[in-house]
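Asks:
There are 2 protein chains.
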Amino acid sequence: MRNVHTRRLGVHRLIMLVTMATGASAAVAGPIADAYRSQADRIIDAALTSDDAYTKLQHLCDDIGHRICGSEALDRAIEWASAELRKDGMSNVHTEPVEVIRWVRGNESCEMVAPRRQPLVMLALGKSVGTPPDGITAPVVVVADEDELEKLGDGAKGKIVLFNNPMPPYDSEKGSGYGHTVRFRTNGARLAAEKGAVACLVRSVTAHSLRTPHTGTMNYKDAPVQIPAAAVTVEDAETIDRMTKRGIEVVLNIKMDAKNHGPAMSANVVGELRGSTHPEQIVVIGGHIDSWDVGQGAHDDGGGCIMALASVKLLKDLGLQPKRTIRVVLWTGEEIGLFGGKQYAKDHADELANHVAAMESDSGAFAPKGYGVDCKDESRMKAAADQLRDIMTLMEKIGATDVSEGHGAPDVSPLQPEGVIVMGHEVEGSKYFDYHHTPADTMDKVNPLELKQNVAMMATMAYILADMPQRLGEKD
Amino acid sequence: MRNVHTRRLGVHRLIMLVTMATGASAAVAGPIADAYRSQADRIIDAALTSDDAYTKLQHLCDDIGHRICGSEALDRAIEWASAELRKDGMSNVHTEPVEVIRWVRGNESCEMVAPRRQPLVMLALGKSVGTPPDGITAPVVVVADEDELEKLGDGAKGKIVLFNNPMPPYDSEKGSGYGHTVRFRTNGARLAAEKGAVACLVRSVTAHSLRTPHTGTMNYKDAPVQIPAAAVTVEDAETIDRMTKRGIEVVLNIKMDAKNHGPAMSANVVGELRGSTHPEQIVVIGGHIDSWDVGQGAHDDGGGCIMALASVKLLKDLGLQPKRTIRVVLWTGEEIGLFGGKQYAKDHADELANHVAAMESDSGAFAPKGYGVDCKDESRMKAAADQLRDIMTLMEKIGATDVSEGHGAPDVSPLQPEGVIVMGHEVEGSKYFDYHHTPADTMDKVNPLELKQNVAMMATMAYILADMPQRLGEKD
Numbered sequence: 014m015r016n017v018h019t020r021r022l023g024v025h026r027l028i029m030l031v032t033m034a035t036g037a038s039a040a041v042a043g044p045i046a047d048a049y050r051s052q053a054d055r056i057i058d059a060a061l062t063s064d065d066a067y068t069k070l071q072h073l074c075d076d077i078g079h080r081i082c083g084s085e086a087l088d089r090a091i092e093w094a095s096a097e098l099r100k101d102g103m104s105n106v107h108t109e110p111v112e113v114i115r116w117v118r119g120n121e122s123c124e125m126v127a128p129r130r131q132p133l134v135m136l137a138l139g140k141s142v143g144t145p146p147d148g149i150t151a152p153v154v155v156v157a158d159e160d161e162l163e164k165l166g167d168g169a170k171g172k173i174v175l176f177n178n179p180m181p182p183y184d185s186e187k188g189s190g191y192g193h194t195v196r197f198r199t200n201g202a203r204l205a206a207e208k209g210a211v212a213c214l215v216r217s218v219t220a221h222s223l224r225t226p227h228t229g230t231m232n233y234k235d236a237p238v239q240i241p242a243a244a245v246t247v248e249d250a251e252t253i254d255r256m257t258k259r260g261i262e263v264v265l266n267i268k269m270d271a272k273n274h275g276p277a278m279s280a281n282v283v284g285e286l287r288g289s290t291h292p293e294q295i296v297v298i299g300g301h302i303d304s305w306d307v308g309q310g311a312h313d314d315g316g317g318c319i320m321a322l323a324s325v326k327l328l329k330d331l332g333l334q335p336k337r338t339i340r341v342v343l344w345t346g347e348e349i350g351l352f353g354g355k356q357y358a359k360d361h362a363d364e365l366a367n368h369v370a371a372m373e374s375d376s377g378a379f380a381p382k383g384y385g386v387d388c389k390d391e392s393r394m395k396a397a398a399d400q401l402r403d404i405m406t407l408m409e410k411i412g413a414t415d416v417s418e419g420h421g422a423p424d425v426s427p428l429q430p431e432g433v434i435v436m437g438h439e440v441e442g443s444k445y446f447d448y449h450h451t452p453a454d455t456m457d458k459v460n461p462l463e464l465k466q467n468v469a470m471m472a473t474m475a476y477i478l479a480d481m482p483q484r485l486g487e488k489d
Numbered sequence: 014m015r016n017v018h019t020r021r022l023g024v025h026r027l028i029m030l031v032t033m034a035t036g037a038s039a040a041v042a043g044p045i046a047d048a049y050r051s052q053a054d055r056i057i058d059a060a061l062t063s064d065d066a067y068t069k070l071q072h073l074c075d076d077i078g079h080r081i082c083g084s085e086a087l088d089r090a091i092e093w094a095s096a097e098l099r100k101d102g103m104s105n106v107h108t109e110p111v112e113v114i115r116w117v118r119g120n121e122s123c124e125m126v127a128p129r130r131q132p133l134v135m136l137a138l139g140k141s142v143g144t145p146p147d148g149i150t151a152p153v154v155v156v157a158d159e160d161e162l163e164k165l166g167d168g169a170k171g172k173i174v175l176f177n178n179p180m181p182p183y184d185s186e187k188g189s190g191y192g193h194t195v196r197f198r199t200n201g202a203r204l205a206a207e208k209g210a211v212a213c214l215v216r217s218v219t220a221h222s223l224r225t226p227h228t229g230t231m232n233y234k235d236a237p238v239q240i241p242a243a244a245v246t247v248e249d250a251e252t253i254d255r256m257t258k259r260g261i262e263v264v265l266n267i268k269m270d271a272k273n274h275g276p277a278m279s280a281n282v283v284g285e286l287r288g289s290t291h292p293e294q295i296v297v298i299g300g301h302i303d304s305w306d307v308g309q310g311a312h313d314d315g316g317g318c319i320m321a322l323a324s325v326k327l328l329k330d331l332g333l334q335p336k337r338t339i340r341v342v343l344w345t346g347e348e349i350g351l352f353g354g355k356q357y358a359k360d361h362a363d364e365l366a367n368h369v370a371a372m373e374s375d376s377g378a379f380a381p382k383g384y385g386v387d388c389k390d391e392s393r394m395k396a397a398a399d400q401l402r403d404i405m406t407l408m409e410k411i412g413a414t415d416v417s418e419g420h421g422a423p424d425v426s427p428l429q430p431e432g433v434i435v436m437g438h439e440v441e442g443s444k445y446f447d448y449h450h451t452p453a454d455t456m457d458k459v460n461p462l463e464l465k466q467n468v469a470m471m472a473t474m475a476y477i478l479a480d481m482p483q484r485l486g487e488k489d
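Protein chains in written order, with this note's numbering: chain X, 14 to 489; chain E, 14 to 489.
(1) Of all the options E:L162, E:P128, E:Y67 and E:E121, which has the alpha carbon lying nearest to the alpha carbon of P146 (chain E)?
(2) Please return the same chain residues whose Cβ sits closer than 7 Å to the Cβ of D158 (chain X), not counting the five positions on each side in sequence.
(3) Is the beta carbon of M474 (chain X) within less than 8 Å of some heavy atom of the ligand FMN?
(4) Between the region 248-261 of chain E and chain X, which residues of the former have CB atoms less than 7 Å from a CB of the latter, in chain order?
(5) Starting from the C-beta of V126 (chain E), find all residues in its chain whose C-beta is less than 6 Å away, skip the five residues before and the five after it, and write them out in chain order.
(6) Report the partner residues of P132 (chain E) according to the DSSP bridge assignment.
(7) Do L136 (chain E) and V247 (chain E) have their CB atoms nearer than 9 Å?
(8) Any beta carbon from chain E within less than 9 Å of T455 (chain X)'s own beta carbon?
(9) For the region 164-172 of chain X and the region 198-208 of chain X, state whether three or more C-beta atom pairs, one from each stretch, are separated by less than 8 Å.
(10) Starting from C318 (chain E), trace the beta strand (DSSP E) in both directions and tell me its first and last residue.
(11) In or out: N200 (chain E) buried (at least 16 other Cβ within 10 Å) or exposed?
(12) Note down, in chain order, all residues in the region 114-145 of chain X with a beta-carbon under 8 Å from any beta-carbon belonging to chain E.
(13) Please classify D387 (chain E) as buried or exposed, where buried requires at least 16 neighbouring CB atoms within 10 angstroms.
(14) Considering only residues of the same chain and omitting the five flanking positions on each side of R21 (chain E), which have a CB-CB separation below 7 Å?
(15) Reducing DSSP to helix, strand and coil, say where I411 (chain X) ends up.
(16) Considering Cα atoms alone, identify which of X:I45, X:H79, X:G383 and X:A59 is closest to G315 (chain X).
(17) How would you label M278 (chain E), buried or exposed, when you count the other beta carbons within 10 angstroms and need 16 or more for buried?
(18) L391 (chain X) and D415 (chain X): beta carbons closer than 9 Å?
(19) Following the continuous alpha helix (DSSP H) through E535 (chain X), name the residue where it begins and the one where it ends.
(20) Who does I298 (chain E) pair with in a DSSP beta bridge?
(21) When the cut-off is 9 Å and only beta carbons count, does G36 (chain E) lie next to chain X?
(22) How would you list, in chain order, the residues of chain X whose beta-carbon sits under 8 Å from the beta-carbon of R80 (chain E)?
(23) I'd like to know whether the C-beta atoms of G519 (chain E) and S374 (chain E) end up nearer to each other than 9 Å.
(24) Hey, quick one: how far does the beta strand (DSSP E) through H438 (chain E) stretch, first residue to last?
(25) Give every residue of the same chain whose Cβ lies closer than 7 Å to the Cβ of F197 (chain X), excluding the five residues on either side of it in the sequence, and list them in chain order.
(26) Can you list, in chain order, the residues of the region 424-457 of chain X whose Cβ is nearer than 8 Å to any Cβ on chain E?
(27) With distances taken between CB atoms, is the gap from T225 (chain E) to A453 (chain E) smaller than 9 Å?
(28) Using beta carbons (cut-off 9 Å, strictly below), is G308 (chain X) in contact with chain E?
(29) State the start and end residues of the unbroken beta strand (DSSP E) segment that holds A220 (chain X).
(30) Would you call the region 442-459 of chain X and the region 248-257 of chain E in contact, with 3 or more CB pairs under 8 Å?
(31) Which chain X residues sit within Cβ distance under 7 Å of D88 (chain E)?
(32) For L328 (chain X), decide whether its Cβ has a neighbour in chain E, counting only Cβ atoms nearer than 9 Å.
(33) Of all the CB atoms in chain E, is at least one closer than 9 Å to the CB of D314 (chain X)?
(34) Using beta-carbon positions only, say whether I56 (chain X) and L331 (chain X) come within less than 9 Å of one another.
(35) With DSSP as the reference, label A380 (chain X) as helix, strand or coil.
(36) Closest to K187 (chain E) by CA distance: which of E:L478, E:G442 and E:M481 is it?
Following this line, the structure appears as structure tokens:
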């Protein structure tokens, strides 16, 4: 028996190492978890047996589809979400006007015209200007980064600059490498224009590609001239790189109808599950209702919006009215400039002191892992994190126990400098950037069980934060 | 020490189980391996330090690109491969005319026009007819398989039939599931036409998609009418399926310029490393030089062609002239109807008795695993398999030791009924069908080290089969 036991221990240790590598913590249940165990179990059980979230996401993805800022589809999504909140019995349902910008992609193409003709797969970047009707035809110079661009000297003048900087594969400890690599998408056009380039291409920001283009926003800032900017696939970037490294001149023709149409009106969607005792105290939950103009915006960020809608309906249906108010906010215009998040912070400046916490889910609807938490007052953040760790022990049954300090989520980030405790609803991240901003961010990538688990986590967390005696981040 | 040892054993057993699951055999070196160990080591070492195969594949993929039957690009590829064989010092280099068919895709599009407008991603299937210029506009009916189509009765009449049959994920024991799922691509148009459908769509035959369409050939056979047939992505098939399951009528417009232009001439490429003692006895190695008209045909089947070209050059450069002749054959028109393989069997009917073995690599250029072997005379196949297992012990250092009985490869399959021992060069198969017949079958998917390992395996095997005293499949 000893030997058998020891052998099992060997395997067990392997499993423990794997568990530790995924960052699962071993927090011990504290007073909050003890007080809310039965309600948490009810919420989680109900979430895991409800199809509400999946049905809602199906409508958003299949019947409305993608919904870029300024589009009719986004208007329909906003109208639909408001109607759902009303139908589900929420209070104070309304939209809050947000001035956004309207950028329209139009038709676009990219073709290698020398040394041979070959269409390439391309997506213009959000906010890019277009090309003349016949396009821009020029040779390509390939650089890996800013240093290589600098070393070109005058070599980029009159050329198309291609930033071919690979995003590393997902690493469970280091994360995605997105933050490091995305800078070429954001700044590439400005950097290339400073060197006299006529257009800028970036390798799509992803570690996995099946000839998959990834769009996303870019910024000209103080660029000397606004040149067209677009993403090509990993495959096409690598092909051009291999050919130019062999001394072959690759000439491309890029055509883009892309146009900035200036300001347009959109709206944040708001609805509340009003608190019984302290309705003026608010726990915000939500996602962003806009998406890119490709795919269905299923993970980015249909899932986040639907988790919030389904969470308040679930609590309402269970008759679980918390002491404080849970406010659903579905922000608009996140992708193209965080317009909804910034506007919310302005419009609600006078009640931010009453914002107990503001959380967003904008990392996809994969298996839930836990929460990130941030606050400009570090001692309040630490205290909040400890309370969250206590609460997360209730989520062990859905495999979500992580609490990490120092980060929130995009649309709640404008509330952080105002002293609000902001939170990011975090999920297993290995696949997110495979689909992010692509035609492949579609409903089939959302696992129905994982979506339910996300609702379980968000509804449980929102309910406890809105109901527990002490305010998050403060001592009892 | 005992405990430590036992714990290690636990982990070791896990590793053994994993190794066994991948099908690695534990053959023991026999007389052939013993006789050829030093030559095999020389060949393998040389292959692992040569960039020749990668350089050649780069030219085929980047400078020539995809090369569908009947295209100018295929003509260029044939001319280039012949020139390489001559440059590398091969004998009897020539092309052998093959009548193929010329099918041209042209422009194509698929759009959901109701209940909302949304472009879908589509690739016409090879040999499909086109649509009228304005396309075909009709509602979709979705079926999983032949039974569901049958149950529709008249329900497919005037409709577009979508076969939404998922290919299972790759399984290291069961393989890819491609063979079972591809029947809808092959037969779907005929089956749908028999039920009065106006067009046929199939879910792309793949287990992984990033909105990735997979083309491939189809056959009308005795269909009552030839209706257009195309593949849509997994994502679009699933979207239509979800919508129709909710009772929503989905109407599509399909436009396809696709046209069969009738017979055209192409050619197999042939070149030899002539044998010193029995030049009339032949070991065939090769791949198919044509590809689909998307991507670069890197794994399918640029890799196979290049392995053969690089193998004979390597042996020539090492001064290793075998007793028998190694004949490189690069078959044409495989994708659209195995034209080159069939023609070779006809043209060489009078020397097939002298074909010691005929092997093709058409499973990609991933990490090599070993060989499949087939022969209509089972006792010769068994004898050959035993000899191959002996030889494969020499390849342990590149991780390739598998020998499996009862299967060869497409272009050598017409030789099997003639009594020739046919062989398939086999590689790790988990990713092949992710890229197969797609715009993503590109050079970046080929690992340079794995390509070298494939050359090592093919060159070693070809040399030994062409040089060993006994003929493959015969007793000493």
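Note that CB positions come from ideal geometry on N, CA and C, so glycine has one too.
Replies: So, from the data block:
(1) Start at 1 with the first residue of the second sequence, and residue 146 (chain E) comes out as number 133. Ranking the options by Cα distance to P146 (chain E), first place goes to E:E121.
(2) Here residue 158 (chain X) corresponds to residue number 145 of the first sequence, with the count starting at 1. Around D158 (chain X): N178.
(3) With respect to small molecules bound, the structure shown includes none, and the ligand FMN cannot be examined in it.
(4) E248, E251, T252, R255 and M256
(5) Counting from one through the second sequence, the residue named residue 126 (chain E) turns up at place 113. Hits under 6 Å: V264 and N266.
(6) Within the second sequence, residue 132 (chain E) is the residue found at index 119, counting from 1. The partner list for P132 (chain E) (beta bridge, DSSP) reads E:E124.
(7) Along the second sequence, read from residue 1 onward, the residue named residue 136 (chain E) stands at position 123. Along the second sequence, read from residue 1 onward, the residue named residue 247 (chain E) stands at position 234. Against a cut-off of 9 Å, the Cβ pair of V247 (chain E) and L136 (chain E) comes out as no contact.
(8) To locate residue 455 (chain X), count along the first sequence from 1; it is residue 442. Chain E, which has a Cβ nearer than 9 Å to the Cβ of T455 (chain X), makes this yes.
(9) yes
(10) As a position in the second sequence, residue 318 (chain E) is number 305, starting the count at 1. Element bounds for C318 (chain E): not the beta strand (DSSP E) but the alpha helix (DSSP H), G316 to D330.
(11) One-based indexing of the second sequence puts residue 200 (chain E) at position 187. Flag for N200 (chain E) reads buried.
(12) P128, R129, Q131 and V134
(13) Stepping through the second sequence from its first residue, residue 387 (chain E) is reached at position 374. Under this definition D387 (chain E) is a buried residue.
(14) Sequence index remark: in the second sequence, residue 21 (chain E) carries index 8 (1-based). A caution first: R21 (chain E) carries a pLDDT of 32, below 50, which makes its placement in the model unreliable, though a value can still be read off. Counting only Cβ-Cβ distances below 7 Å, and skipping sequence neighbours, we find nothing.
(15) The sequence position of residue 411 (chain X) within the first sequence is 398, counting from 1. Looking at I411 (chain X) - three-state DSSP - the assignment turns out to be helix.
(16) On the first sequence, position 302 is the one that residue 315 (chain X) refers to. The option with the nearest alpha carbon to G315 (chain X) is X:H79.
(17) The count along the second sequence starts at 1 and reaches residue 278 (chain E) at position 265. Its Cβ having fewer than 16 others within 10 Å, M278 (chain E) is exposed.
(18) Locating residue 391 (chain X) in the first sequence gives position 378, counting from the first residue. Locating residue 415 (chain X) in the first sequence gives position 402, counting from the first residue. Note that residue 391 (chain X) corresponds to Glu in the displayed sequence, not to Leu. No, they are not a contact pair.
(19) The structure shown does not extend to residue 535 (chain X), since chain X spans only 14 to 489, so no value can be given for it.
(20) Counting from 1 along the second sequence, the entry for residue 298 (chain E) is found at position 285. I298 (chain E) is bridged to E:V341 and E:M372.
(21) Taking the first residue of the second sequence as position 1, residue 36 (chain E) is located at position 23. Reliability fails at G36 (chain E), whose pLDDT of 43 lies under 50, so the model's placement of it is uncertain and no value is given.
(22) Taking the first residue of the second sequence as 1, we reach residue 80 (chain E) at position 67. None at all; the shortest Cβ gap to chain X is about 12 Å.
(23) This structure cannot settle anything about residue 519 (chain E), because the visible part of chain E is limited to 14 through 489.
(24) Residue 438 (chain E) sits at position 425 when you count from the first residue of the second sequence. Run containing H438 (chain E): V435 to V440, per the beta strand (DSSP E) assignment.
(25) As a working mapping, residue 197 (chain X) is identified with position 184 in the first sequence. Correct list, in chain order: F176, N178 and V215.
(26) D447, Y448, T451, P452, A453, T455, M456 and D457
(27) For this step, residue 225 (chain E) is matched to residue 212 along the second sequence. For this step, residue 453 (chain E) is matched to residue 440 along the second sequence. Cβ atoms of T225 (chain E) and A453 (chain E): closer than 9 Å.
(28) Here residue 308 (chain X) is taken as the residue at index 295 of the first sequence, counted from 1. Judged by the 9 Å Cβ criterion, G308 (chain X) is in contact with chain E.
(29) Position 207 of the first sequence holds residue 220 (chain X). Here A220 (chain X) belongs to no beta strand (DSSP E), and DSSP marks it neither H nor E.
(30) yes
(31) Position 75 of the second sequence, counted from the first residue, corresponds to residue 88 (chain E). Correct list: empty, because the minimum Cβ distance to chain X is about 14 Å.
(32) By 1-based counting over the first sequence, the position of residue 328 (chain X) is 315. So no, L328 (chain X) is outside the interface.
(33) Walking along the first sequence from the start, residue 314 (chain X) turns up at place 301. No - not a single Cβ of chain E is within 9 Å of the one on D314 (chain X).
(34) Reading the first sequence from its first residue, position 43 is the one you call residue 56 (chain X). Reading the first sequence from its first residue, position 318 is the one you call residue 331 (chain X). Yes, Cβ-Cβ distance for I56 (chain X) and L331 (chain X) is below 9 Å.
(35) In the first sequence, the residue the question calls residue 380 (chain X) occupies position 367. Looking at A380 (chain X) - three-state DSSP - the assignment turns out to be coil, as it is neither helix nor strand.
(36) By one-based count along the second sequence, residue 187 (chain E) stands at place 174. Residue E:G442 is the option with its Cα nearest to K187 (chain E).
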